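Q: Residue numbers (my numbering), protein chains in the order written: chain A, 7 to 265; chain B, 831 to 1204.
(1) Taking 8 Å as the CB-CB cut-off, is residue 844 of chain B touching chain A?
(2) Once DSSP output is grouped into helix, strand and coil, what is the label at residue 870 of chain B?
(3) Which residues, in order along the stretch 1026–1059 of chain B, keep a beta-carbon less than 7 Å from a beta-carbon of chain A?
(4) For residue 917 of chain B, is the classification buried or exposed, using 16 other Cβ atoms within 10 angstroms of its Cβ as the cut-off for buried?
(5) Can you give the Cα-Cα distance for residue 263 of chain A and residue 949 of chain B, rounded to whole angstroms?
(6) Mind listing the chain B neighbours of residue 195 of chain A? Cutoff is C-beta to C-beta under 7 Å, in chain order.
(7) Determine, using beta carbons only, whether residue 1117 of chain B and residue 1177 of chain B come nearer to each other than 8 Å.
(8) Answer yes if the stretch 995–1007 of chain B comes into contact with the stretch 204–221 of chain A, meaning at least three C-beta pairs across the two stretches below 8 Å, and no otherwise.
(9) Could you pull out every residue in the same chain whose Cβ sits closer than 6 Å to the Cβ of residue 185 of chain A, ignoring the five residues on either side in sequence?
(10) Identify every run of the alpha helix (DSSP H) within the stretch 182–224 of chain A, keeping only runs that are complete inside it and at least 4 residues long; order them along the chain.
(11) Would you verify that the beta carbon of residue 247 of chain A is, or is not, closer than 8 Å to some beta carbon of chain B?
(12) Would you kindly work out how many angstroms separate the C-alpha atoms of residue 928 of chain B and residue 227 of chain A, rounded to a whole number?
(13) Comparing alpha-carbon positions, which option in B/859, B/1028, B/867 and B/984 lies nearest residue 946 of chain B?
(14) Taking residue 867 of chain B as the reference, which of A/141, A/59, A/40 and A/69 has the closest Cα?
(15) If you measure from the beta carbon of residue 42 of chain A to each beta carbon in chain B, is any gap under 8 Å?
(16) Indicate the three-state DSSP secondary structure (helix, strand or coil) for residue 107 of chain A in the structure shown.
(17) Using 8 Å as the Cβ pair cut-off and three pairs as the minimum, do the stretch 1115–1129 of chain B and the stretch 1137–1151 of chain B touch?
(18) Would you grab the beta carbon distance between residue 1279 of chain B and residue 855 of chain B for me? Rounded to a whole angstrom, and I think it's under 8 Å.
(19) Along the beta strand (DSSP E) that carries residue 177 of chain A, what are the first and last residues, could you check?
(20) Measuring only between beta-carbons, confirm whether residue 45 of chain A sits less than 8 Å from chain B.
(21) Using beta-carbon positions only, say whether residue 141 of chain A and residue 104 of chain A come within less than 8 Å of one another.
(22) Against chain A, with Cβ distances strictly below 8 Å, would residue 1171 of chain B count as a contact?
(23) May I have the straight-line CA-CA distance separating residue 213 of chain A from residue 136 of chain A, to the nearest angstrom?
(24) Taking the straight line between their C-alpha atoms, what separation do you get for residue 1112 of chain B and residue 1132 of chain B?
(25) For residue 188 of chain A, which option in B/1088, B/1104 and B/954 has the closest C-alpha, if you only look at C-alpha atoms?
(26) Taking the continuous beta strand (DSSP E) assigned at residue 85 of chain A, which residues delimit it?
(27) In or out: residue 255 of chain A buried (at least 16 other Cβ within 10 Å) or exposed?
(28) Using a Cβ-Cβ cutoff of 8 Å, what residues of the stretch 94–109 of chain A are near chain B? List them in chain order.
(29) Give me the residue from A/23, A/27 and A/22 with the minimum Cα distance to residue 840 of chain B.
(30) Under DSSP, the alpha helix (DSSP H) around residue 235 of chain A begins and ends at which residues?
(31) Could you confirm whether any beta carbon from chain B is found closer than 8 Å to the beta carbon of residue 255 of chain A?
(32) Determine the chain A residues that contact residue 862 of chain B at a beta-carbon separation under 9 Å, and present them in chain order.
(33) Does the Cβ of residue 1180 of chain B have 16 or more other Cβ atoms within 10 Å, making it buried, or fewer, making it exposed?
(34) Would you mind telling me which residues of chain A sit closer than 7 Å to residue 957 of chain B, beta carbon to beta carbon, in chain order?
(35) Could you work out which residue in A/76, A/81, A/33 and A/68 is closest to residue 100 of chain A when comparing CA atoms only?
(36) Give me, in chain order, the residues of the same chain whose beta-carbon lies closer than 6 Å to that of residue 884 of chain B; leave out the 5 immediate sequence neighbours on both sides.
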């Protein structure tokens, strides 16, 4: 048998007793009138600060638009849109990746036009210099007056070992937050397996994002072979070619290393 | 305390409680949205709703888990415990909206209010080449790795437990499952908490390494762990408090003097491994089990009101002489025979079956009411 130490005679203030169906005793009420506002202060502070620490997203809204350019199929379908204005340095083209709506590849109506100048209507999203246009069709057009006859060849930059992450080319610039990393892995896998181009995100020494299209040694798309590596930190060693502000890295997917 | 089950037995306290709860959640969700829009005015908010509801649920879970230990430290927190189940059910719905979303237009009377929050299942897993629910589990299957562990599954485990708790939260289930089973089921909230800490740590924190998130979740875990340990230590210290030598005579033990017990209050002692509450009221001493039949509340920390021992948790009442709730209520707890020898209280070590009438020991046995022992 043991005694309980709190069984000493209660102080007068301790004698107040709360039961749900009667009014709050004064002392308890006084206490709660101090404590509950404190909880509300916590609610306000959390409500203000928690969303401010989510720093991995961009505004990411789709904007409908019409684009005219040269449709290219390798390694993934993309549109080369002639740049307007002065282009003393850099590429003559902007390069927009193409996907279908939802988590899908561009339909045959688009890929049938590869190699031609086309007009595309669709929804575009961009993040930094990575742009993707979701579209359902492509209408052949004449080459616009003044447009370059053909794209300039890529510039081989040599072999590089790059650390980064494979993400899908649509959600990352799009409406997903963060659109990368483990929390977005399942979504990115669905996108890439559905035919949205996979993109490799790496950073230069200054911390600027660099985007790479992935191709195997023969320059063919590797999207479906890299699903299990999506969103993981990996290292790719391969030959890098620069096309304007977009890069291509050629390497056998079996040589990708998880870090 | 009811013989007929109603969905909720509303009273003034519960209404105020729920209004404060919903106001706090409303303020949090509003500020979350407003504050995020300050980051970028044209931000696509639908993906952020997932975070708003998920974080609201996680923060509320910390409040829920804090109430129990706080009540052990200071009884003035007890009004927060009174309606804690509404907090739990609300928290489950916040978690559910985090997953499946919410559209006010689905509720007939509220269909004019344009409010919609998309859940993670729709936002991340829909529109692909498999069903969203398949994507949820197939997106990551690296259960053998801590760093790559599928945080989604941990969230599903947490939500499944909260669902079981929410659907069994009503007193109907408490009575039909019996208090010990119900209590055990509802203790699994700690499994849910562990799963959800894992869900947040291996999900949001692993992806977004802002120190505030990591520190906040870490401090939350430390806070919950420390207050539970301190409360457990305090309980243990009380159980181990030095007792007067046990003088078992005819199965009766000396539990102390009548002067130790304030009027209408009790002294709790552990007799043969069970806590017994010995009440002093109306010049009498009577002993009943310390364990309320409703939710195992500590009756000995209650008070005799209108002639009934009243549980400090939810106000369930028992007559001290019989251990039975006054009619029409049907709950009853074991009673213990009591004797007074001078000013010493002796309690039988053998409990009577629940509801057994006992004769309370009288402090003032003299006809003229003269105080005999005080």
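Where a beta carbon is used, it is the ideal one built from N, C-alpha and C, also for glycine. Fair warning: this is a prediction, and the values are worked out from it, not measured in the lab.
A: Per the coordinate set shown:
(1) With 8 Å as the cut-off, residue 844 of chain B counts as an interface residue toward chain A.
(2) DSSP places residue 870 of chain B in coil when its eight states are reduced to three.
(3) Per Cβ criterion, the list reads 1033, 1034, 1036, 1037, 1038, 1040, 1042 and 1043.
(4) By the neighbour-count rule (16 or more Cβ atoms within 10 Å), residue 917 of chain B is buried.
(5) C-alpha separation (whole angstroms): 34 Å.
(6) Within 7 Å of the CB of residue 195 of chain A, the CB atoms of chain B belong to 969, in sequence order along the chain.
(7) Taking 8 Å as the Cβ cut-off, residue 1117 of chain B and residue 1177 of chain B qualify as a contacting pair.
(8) Touching, no.
(9) Hits under 6 Å: 177 and 178.
(10) Segments of the alpha helix (DSSP H) lying fully in the stretch 182–224 of chain A: 191–200.
(11) No, no contact with chain B.
(12) So the alpha carbons of these two residues sit roughly 36 Å apart.
(13) With respect to the C-alpha of residue 946 of chain B, the residue from B/859, B/1028, B/867 and B/984 having the closest C-alpha is B/859.
(14) Nearest of A/141, A/59, A/40 and A/69 to residue 867 of chain B, Cα basis: A/59.
(15) Yes, contact with chain B.
(16) Looking at residue 107 of chain A - three-state DSSP - the assignment turns out to be coil, as it is neither helix nor strand.
(17) Touching, yes, given that three or more Cβ pairs across the two stretches are closer than 8 Å.
(18) Residue 1279 of chain B cannot be examined here, being either before or after the span of chain B that is shown, 831 to 1204.
(19) Segment: none, residue 177 of chain A is in no beta strand (DSSP E) and carries neither H nor E.
(20) With a threshold of 8 Å between beta carbons, residue 45 of chain A makes contact with chain B.
(21) Cβ atoms of residue 141 of chain A and residue 104 of chain A: closer than 8 Å.
(22) The beta-carbon of residue 1171 of chain B is placed no less than 8 Å from the nearest beta-carbon of chain A.
(23) Looking at the two C-alpha atoms, the distance is approximately 16 Å.
(24) Within the model, the alpha-carbon separation for residue 1112 of chain B versus residue 1132 of chain B is close to 16 Å.
(25) Out of B/1088, B/1104 and B/954, B/954 has the C-alpha closest to the C-alpha of residue 188 of chain A.
(26) Where residue 85 of chain A is concerned, the enclosing beta strand (DSSP E) starts and stops at 84–88.
(27) Buried, by the Cβ-count rule.
(28) So the close ones are 108 and 109.
(29) Nearest neighbour of residue 840 of chain B by Cα position, chosen from A/23, A/27 and A/22, turns out to be A/27.
(30) Looking at the DSSP string, residue 235 of chain A is not in any alpha helix (DSSP H), and its letter there is neither H nor E.
(31) No, its Cβ sits nowhere closer than 8 Å to a Cβ of chain B.
(32) The answer, in chain order, is 52, 53, 54, 56 and 57.
(33) Flag for residue 1180 of chain B reads exposed.
(34) The answer, in chain order, is 108 and 109.
(35) Taking residue 100 of chain A as reference, the option from A/76, A/81, A/33 and A/68 with the minimal CA-CA separation is A/76.
(36) Around residue 884 of chain B: 928.
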